[in-house]
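Taking it in order: structure first as structure tokens, then the write-up.
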Amino acid sequence: MILRPTKDDYNEGFAKYVSLVPEGNLEEILNGSLNRTTAFYSALTEEKGNYRYAPGKWSLKEVLGHITDNERIMCYRLLRIARGDTTPLRYI
709 MILRPTKDDY NEGFAKYVSL VPEGNLEEIL NGSLNRTTAF YSALTEEKGN YRYAPGKWSL
769 KEVLGHITDN ERIMCYRLLR IARGDTTPLR YI
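Take the sequence shown: its position 27, counted from the start at 1, is 735 in this note's numbering, and no numbers get skipped.
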């Protein structure tokens, strides 16, 4: 089981995001989130994917692009950590 990190495990800039994750097995929570997100975006038409709730706000497709970009950033950070790179990383 993957448990919630303690405050000593992450930069304070990530505290808001960590606090939004529900209590429980993080692997199960992540898999459930992935399944719901995949189902949501798979069901969208092109028109709905371009929907913006207000002028100047991101479309649903742009939100997905933002999520994907951040996943790439986090994978890169994990690769550096796994390789023992100790160069300081800024939080997003």
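Think of the CB as a built atom: it goes at the ideal place given N, C-alpha and C, for glycine as much as any other residue.
What you are looking at is a predicted structure, and each value in this text was computed from that prediction instead of being measured.
Under the three-state reduction of DSSP, which class applies to residue 761: helix, strand or coil?
coil
Look up residue 793 in the DSSP assignment and say whether it is helix, strand or coil.
coil
Taking residue 765 and residue 758 to be in contact with their CB atoms under 8 Å, please state how far apart those CB atoms are, rounded to whole angstroms.
Not a contact, Cβ separation roughly 12 Å.
For the alpha helix (DSSP H) that residue 743 lies in, which residues bound it at each end?
734 to 750
Report the three-state DSSP secondary structure of residue 731 (helix, strand or coil).
coil
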